[in-house]
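Colleague:
There are 2 protein chains.
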Amino acid sequence: MKKVTISDIANKLNMTPSTVSRALANNKRISESTRKKVQDTSKEMGYQPNVMAASLRKGTSDTIGMIVPRINRHFFSNVISGVEEILNPAGFNLVVIQSGELLSREVKAVESLLQNRVGGIILSLSLQTNTFEHLQDVVKHNTPLVQFDRVTKSLPGSKITNDNYTGGYLATRHLIKCGFKHVAHFSGSYKLRAYRERKAGYIAALEEAGMRVDEKLIVDDVITREAGYSQIHKLVMRTNADAVFCAGDYSALGAMEGLKSLGYHIPDQFGIVGFANEPFSELMDPSLSSVEQNALEMGNKVAAAMIKAIQKEEVPEEEVIPVRFIGRSSSWKDYK
Amino acid sequence: MKKVTISDIANKLNMTPSTVSRALANNKRISESTRKKVQDTSKEMGYQPNVMAASLRKGTSDTIGMIVPRINRHFFSNVISGVEEILNPAGFNLVVIQSGELLSREVKAVESLLQNRVGGIILSLSLQTNTFEHLQDVVKHNTPLVQFDRVTKSLPGSKITNDNYTGGYLATRHLIKCGFKHVAHFSGSYKLRAYRERKAGYIAALEEAGMRVDEKLIVDDVITREAGYSQIHKLVMRTNADAVFCAGDYSALGAMEGLKSLGYHIPDQFGIVGFANEPFSELMDPSLSSVEQNALEMGNKVAAAMIKAIQKEEVPEEEVIPVRFIGRSSSWKDYK
DNA sequence: CTGAAAGCGCTAACAG
DNA sequence: CTGTTAGCGCTTTCAG
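So the sequence lines, in the order shown, correspond to chains A and B. Going by this note's numbering, the first residue of the first sequence is number 1, and it counts up by one from there. Going by this note's numbering, the first residue of the second sequence is number 1001, and it counts up by one from there.
1) In angstroms, rounded to a whole number, what distance separates the CA positions of Asn1011(B) and Lys140(A)?
2) With respect to the alpha helix (DSSP H) encompassing Gln231(A), which residues constitute its N-terminal and C-terminal limits?
3) So the beta strand (DSSP E) Ala1241(B) belongs to, where does it begin and stop?
4) Rounded to a whole number of angstroms, what is the C-alpha to C-alpha distance between Ala1337(B) and Val1051(B)?
5) Assign Ile1122(B) to one of three DSSP states: helix, strand, or coil.
6) Within the 8 Å Cβ cut-off, does Pro49(A) reach chain B?
7) With a threshold of 8 Å between beta-carbons, can Pro1156(B) be considered close to chain A, or not?
8) Could I get the ranges of all uninterrupted alpha helix (DSSP H) runs contained in the region 1023-1072 of chain B, with 4 residues as the minimum, in chain order?
9) Helix, strand or coil, according to DSSP, for Lys199(A) in the structure here?
10) Any beta carbon from chain A within less than 8 Å of Pro1279(B)'s own beta carbon?
11) Would you call the CB atoms of Lys1199(B) and Gly1168(B) closer than 8 Å?
12) When you compare the region 1075-1084 of chain B with the region 66-81 of chain A, are there three or more beta-carbon pairs, one atom per stretch, that lie closer than 8 Å?
13) Just how far apart, CA to CA, sit Ala276(A) and Tyr47(A)?
14) Of the residues Asp221(A), Val107(A), Leu123(A), which one's Cα is nearest the Cα of Lys191(A)?
15) Given a cut-off of 8 Å, decide if Gln39(A) and Ala53(A) are closer than it, judged by their beta-carbon atoms.
16) Anyone know if the C-beta pair for Leu1135(B) and Glu1101(B) falls short of 8 Å?
17) Answer yes or no: does any C-beta atom of chain B fall closer than 8 Å to that of Ala53(A)?
18) Among Ala1205(B), Ser1021(B), Ser1251(B), Pro1089(B), whose alpha-carbon lies nearest the alpha-carbon of Ile1223(B)?
19) Should Ala243(A) and Ala309(A) be called a contact, given that it needs their Cβ atoms to be closer than 8 Å?
20) Grouping DSSP H, G and I as helix and E and B as strand, with all else coil, what is Ile1266(B)?
21) Quick check on Asn1142(B): does DSSP put it in helix, strand or coil?
22) Which residues of the region 1002-1030 of chain B have a Cβ closer than 8 Å to any Cβ of chain A? Give them in chain order.
23) Secondary structure at Ser7(A), three-state DSSP: helix, strand or coil?
24) Thr19(A): buried (16+ other C-beta within 10 angstroms of its C-beta) or exposed?
25) Quick one: using the 10 Å Cβ neighbour count with 16 as the cut-off for buried, is Glu32(A) buried or exposed?
26) Of all the options Asp8(A), Thr41(A), Ala90(A), Asp62(A), which has the alpha carbon lying nearest to the alpha carbon of Asn300(A)?
27) As a quick exercise: from Leu103(A), Arg212(A), Gln311(A), Gly271(A), pick the residue whose alpha carbon is nearest that of Arg328(A).
28) Do the CB positions of Ala1194(B) and Asp1149(B) come within less than 8 Å of each other?
29) Quick one: residues in its chain with C-beta nearer than 6 Å to the C-beta of Val213(A), no 5 flanking neighbours on either side, listed in chain order?
30) What residues of chain A sit near Met1284(B), judged by a beta carbon separation below 7 Å?
31) Just checking: is the beta-carbon of Asn294(A) within a distance shorter than 8 Å of some beta-carbon in chain B?
32) Can you tell which of Thr239(A), Pro279(A), Arg238(A), Met284(A) has the C-alpha that lies nearest to the C-alpha of Lys260(A)?
33) Determine the DSSP secondary structure at Glu1313(B), reduced to helix, strand or coil.
34) Please name the residue, chosen from Leu113(A), Val151(A), Pro17(A), Ala109(A), that lies closest to Lys318(A) on a Cα-to-Cα basis.
35) Taking any Cβ of chain B, which residues in the region 93-104 of chain A have a Cβ under 9 Å from it, in chain order?
36) Flag Gln1115(B) as yes if its beta-carbon sits less than 8 Å from any beta-carbon of chain A, otherwise no.
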């Protein structure tokens, strides 16, 4: 089928494309009668506006690009939903691209969004990302940038993060209150502020309790299930750890499996707390204590910041979303 | 920053935009030397092609739109990854939109993709979808359409589905072989073929075993955790069921929780099998038997069909991806 | 209130 | 091998 354009409509009604364009855009300088005529026949003819042509002309589009490491993480998919909740009613479209935690794919994604002239870019950094040149392009192109969760300060624009510090603090304090004496920490990459902050909260809780910070009890780059499994083996062999605060639920899951394979009873002999409250956490046996992030709210805030940035309003430089500790069976013991 | 265009490059090098365009497109009718010059200075000047302009001119774009009910379902997010695996290397971009299982949002998504003149649309129907007018538009616009998983025959184009029939058959046969005598079935909406087929497989297994099909043991529209929880209560009150094959893992989860709350021991007193093999299934206590769908392979096939359709090659009308039954503790008992 | 005209950035005949 | 020209569909001054 030939696609129908505004000129087709104009011809049929004996007017010019400009008038049709204005009528469709609800321009106030058009008489009520022609507006109605135009809108009726456009529907009748099955007109679909060509947004590419419009964006090309206007120099900007109503599409917002969003780059996330993976969409099959509970946290990220809920942030996406939160963003859509605000963006769609405001007349924006969202396109989501996965970086797969790979810098190379993040670079390509940024490039592709820029080439599509999106109205703005929402980004959570991949684990691999250690250089920010590709994002300098975004800045140079004057494309609004909003970062969330995994952010870097070396770029301008809004940064919306979780209260990772408090999360780490609450998780660790809980383990201490449950009577664990040697609380270890499985962290992520220190390149990411989120993990540094969770670790800082962990240390703060130890110090508050007058406990010594033992570097041997802190292992970084342990975020996968596999890493959790293998690292917990090393940990119990080499140290006197009796509990672990993991910076993610997947490593906590791996750690739990590792401990079970060694015959440990959880939580009596070993306490575990994760981070992110993945859907499986409450269903595990024993159920996994975790720190819940308010992903929907974060998404809402991210979208709001993006809209403000597009409208060139003042944007909050940093915004922190509160977290909530959820105690479950993997750690709950003799709480005082 | 002003965005740099091919004319800017052309000016700087004293040639015409056409030459630059051709050099950038690796057109063979361009001398090696100018090609190199153009590509170098384009990089140097930070040129980003405006794909909107190109698509407008060419009348088609390299962007494929994909509409899924929800991205936070293990199955769907893996199909997405499978699609990307094929589409990205082939030079296509994928944009994903969620319908949220709502017809209204599915309609809007289709409209938006059409307005963006995507090169093709990949679709899995929302649960609510009971009319297909919005998809007639896709056909009318000559936009290639590939359906997967939740498909309707009333539209042309490729349809890639799981072998739901065999899945239902294997799950039910397993329960029968484990000695359960009154196997019930929690289905989804019969509007969707996937659920009708799973049910057909269930019935086939019963009949093969010489068991009577009892309509009281079959409940439809039970796909959420909540529905599974409440319906299992009704089921054990009103019938003699001693096992249930659920058309989804979420309802199976709810059913398991409901049975536990009633003091049932699983699988000794009641057997459960789900469908989809969500990540939580293996982690539950007891772990949930389920039917695994090969989502990555499905994604690959979907993408391949789309590429063929775009290149106007022959496309397979229907393709069926095999499934695999995974027996776990929720059903495994006295197997023979 | 409506029309005429220009141009967003790119590609593709058609000519050289 | 490269230049000329026209136009994709739309918006937006600038004139009436």
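Backbone N, C-alpha and C define an ideal beta-carbon position, used for all residues, glycine too.
Modeller: Concretely, from the data shown:
1) On the second sequence, position 11 is the one that residue 1011(B) refers to. On the first sequence, position 140 is the one that residue 140(A) refers to. Those two C-alpha atoms are separated by around 22 Å.
2) Taking the first sequence and counting its residues from 1, one reaches residue 231(A) at position 231. Segment 225-238, the alpha helix (DSSP H) holding Gln231(A).
3) By 1-based counting over the second sequence, the position of residue 1241(B) is 241. Note, Ala1241(B): premise wrong, no beta strand (DSSP E); not H, not E.
4) Residue 1337(B) is absent from the structure shown; chain B starts at 1001 and stops at 1336.
5) Working through the second sequence from its first residue, we reach residue 1122(B) at position 122. Ile1122(B) sits in a strand when the DSSP states are folded into three classes.
6) Working through the first sequence from its first residue, we reach residue 49(A) at position 49. Chain B contact via Cβ: present.
7) Counting from one through the second sequence, the residue named residue 1156(B) turns up at place 156. So, not an interface residue.
8) 1032-1044, 1051-1058
9) Start at 1 with the first residue of the first sequence, and residue 199(A) comes out as number 199. Three-state DSSP puts Lys199(A) in a helix.
10) As a position in the second sequence, residue 1279(B) is number 279, starting the count at 1. So yes, Pro1279(B) belongs to the interface.
11) Here residue 1199(B) corresponds to residue number 199 of the second sequence, with the count starting at 1. Here residue 1168(B) corresponds to residue number 168 of the second sequence, with the count starting at 1. In contact: Lys1199(B) and Gly1168(B) (Cβ atoms closer than 8 Å).
12) yes
13) Translated into the one-based positions of the first sequence, residue 276(A) becomes position 276. Translated into the one-based positions of the first sequence, residue 47(A) becomes position 47. Cα to Cα, Ala276(A) sits roughly 46 Å from Tyr47(A).
14) Taking the first residue of the first sequence as 1, we reach residue 191(A) at position 191. Comparing Cα-Cα distances from Lys191(A) to each of Asp221(A), Val107(A), Leu123(A), the minimum goes to Asp221(A).
15) Looking up residue 53(A) in the first sequence gives position 53. Looking up residue 39(A) in the first sequence gives position 39. No, they are not a contact pair.
16) Locating residue 1135(B) in the second sequence gives position 135, where the first residue counts as 1. Locating residue 1101(B) in the second sequence gives position 101, where the first residue counts as 1. Against a cut-off of 8 Å, the Cβ pair of Glu1101(B) and Leu1135(B) comes out as no contact.
17) Mapped onto the first sequence, residue 53(A) falls at position 53. For Ala53(A), the answer is yes, since a Cβ of chain B falls inside 8 Å of its Cβ.
18) Position 223 of the second sequence, counting from 1, holds the residue named residue 1223(B). When each option's Cα is compared against that of Ile1223(B), the closest is Ser1251(B).
19) Taking the first residue of the first sequence as position 1, residue 243(A) is located at position 243. Taking the first residue of the first sequence as position 1, residue 309(A) is located at position 309. Contact flag unset, no.
20) Locating residue 1266(B) in the second sequence gives position 266, where the first residue counts as 1. Three-state DSSP puts Ile1266(B) in coil, outside helix and strand.
21) Numbered from its first residue, the second sequence carries residue 1142(B) at position 142. It is coil, neither helix nor strand.
22) Of all residues in the region 1002-1030 of chain B, the ones placed with a Cβ closer than 8 Å to any Cβ belonging to chain A are Lys1003, in chain order.
23) By one-based count along the first sequence, residue 7(A) stands at place 7. Helix.
24) Taking the first sequence and counting its residues from 1, one reaches residue 19(A) at position 19. That one is buried.
25) The residue given as residue 32(A) occupies position 32 in the first sequence. Per the 10 Å Cβ criterion, exposed.
26) Position 300 of the first sequence holds residue 300(A). Cα-wise, what sits closest to Asn300(A) is Ala90(A).
27) Start at 1 with the first residue of the first sequence, and residue 328(A) comes out as number 328. Here the closest residue by C-alpha is Gly271(A).
28) Working through the second sequence from its first residue, we reach residue 1194(B) at position 194. Working through the second sequence from its first residue, we reach residue 1149(B) at position 149. Yes, Cβ-Cβ distance for Ala1194(B) and Asp1149(B) is below 8 Å.
29) Mapped onto the first sequence, residue 213(A) falls at position 213. Once the five neighbours on either side are set aside, the close Cβ partners of Val213(A) are Ile203, Leu206.
30) On the second sequence, residue 1284(B) is found 284 positions in, with the first residue counted as 1. What Met1284(B) touches in chain A: Leu283.
31) Residue 294(A) sits at position 294 when you count from the first residue of the first sequence. No Cβ of chain B is located within less than 8 Å of the beta carbon of Asn294(A).
32) Along the first sequence, read from residue 1 onward, the residue named residue 260(A) stands at position 260. The residue from Thr239(A), Pro279(A), Arg238(A), Met284(A) with its alpha-carbon nearest to that of Lys260(A) is Met284(A).
33) Position 313 of the second sequence holds residue 1313(B). If DSSP states are grouped into helix, strand and coil, Glu1313(B) belongs with coil.
34) Indexing the first sequence from 1 puts residue 318(A) at position 318. Rather than Lys, the amino acid found at residue 318(A) in this sequence is Glu. Of the listed residues, the one whose Cα sits closest to Glu318(A) is Val151(A).
35) Asn93, Leu94, Val95, Val96, Ile97, Gln98, Gly100
36) Position 115 of the second sequence, counting from 1, holds the residue named residue 1115(B). Closer than 8 Å: yes.
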